[in-house]
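Residue numbers (this note's numbering), protein chains in the order written: chain A, 1220 to 1266; chain B, 9 to 155.
Glycine included, each C-beta is placed from N, C-alpha and C at the ideal position.
Structure, as structure tokens:
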């Protein structure tokens, strides 16, 4: 693991689909908020 | 993702923003939303679905599986200071438990507000502990498993 609890979450920027459109999302856009990031293997999978 | 989307309101009430992330493109996310997710959850997935082609973000968080070329099921809870408070990583065949995520959010928010640590299995309204020298060896007097 390259990250640890109690340490800063690494910032990133990614393309996203949101509210019907495409936008760029940066983790730092969510400063001062609680955030949950959920990684998953792929679309169209349902576990 | 549908299971998180279905109970997104609970997280929203707790002031939690959700970002989902896979190696699929944003275009694939759009199609998935349109042909499937929107039929499973009213209105579809209400949070940004991030595209992590190449696994750059997953690699940063240690969840990118280079052999399979996908991100593992990693969940990270980040506080308003940008600090990771909780993380859980599962291999692909087992899904996550949404209720435990909500419980963890409530516990971390309680700790942040009050400074009181929450014992195992804590739920809102349950007993917390006041750490100090006088508690050492005497937790059994104030807290029992199941409290």
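Span separating the alpha-carbon of residue i from that of residue j
i: residue 142 (chain B); j: residue 134 (chain B); result: 21 Å
i: residue 144 (chain B); j: residue 127 (chain B); result: 14 Å
i: residue 48 (chain B); j: residue 67 (chain B); result: 30 Å
i: residue 140 (chain B); j: residue 151 (chain B); result: 15 Å
i: residue 62 (chain B); j: residue 1244 (chain A); result: 17 Å
Under 8 Å between C-beta atoms of residue i and residue j
i: residue 1237 (chain A); j: residue 95 (chain B); result: no
i: residue 136 (chain B); j: residue 149 (chain B); result: no
i: residue 13 (chain B); j: residue 53 (chain B); result: yes
i: residue 105 (chain B); j: residue 30 (chain B); result: no
i: residue 117 (chain B); j: residue 22 (chain B); result: yes
i: residue 1235 (chain A); j: residue 59 (chain B); result: yes
i: residue 1233 (chain A); j: residue 91 (chain B); result: no
i: residue 1262 (chain A); j: residue 87 (chain B); result: no
i: residue 98 (chain B); j: residue 55 (chain B); result: no
i: residue 85 (chain B); j: residue 1255 (chain A); result: yes
Chain D residues whose Cβ lies nearer than 8 Å to that of residue i
i: residue 1250 (chain A); result: Absent from the structure is chain D; the protein chains it does hold are A and B.
Assigned secondary structure, residue i (DSSP; H/G/I helix, E/B strand, else coil)
i: residue 153 (chain B); result: coil
i: residue 137 (chain B); result: coil
i: residue 1259 (chain A); result: coil
i: residue 1228 (chain A); result: coil
i: residue 41 (chain B); result: helix
i: residue 1244 (chain A); result: strand
i: residue 126 (chain B); result: coil
i: residue 36 (chain B); result: helix
i: residue 131 (chain B); result: coil
i: residue 104 (chain B); result: coil
Sheet register partners of residue i (DSSP bridge)
i: residue 57 (chain B); result: A:1236 and B:28
i: residue 1253 (chain A); result: B:24
i: residue 72 (chain B); result: B:79
i: residue 94 (chain B); result: B:85
Below-8 Å beta-carbon distance, residue i vs any chain A residue
i: residue 110 (chain B); result: no
i: residue 160 (chain B); result: With chain B running from 9 to 155 in the structure shown, residue 160 (chain B) is simply not present.
i: residue 94 (chain B); result: yes
Distance cut-off 7 Å: residue i Cβ against heavy atoms of the ligand ADP
i: residue 108 (chain B); result: Because no ligand of any kind appears in the structure shown, any question about the ligand ADP cannot be addressed here.
Chain B within 8 Å of residue i, Cβ atoms only
i: residue 1245 (chain A); result: no
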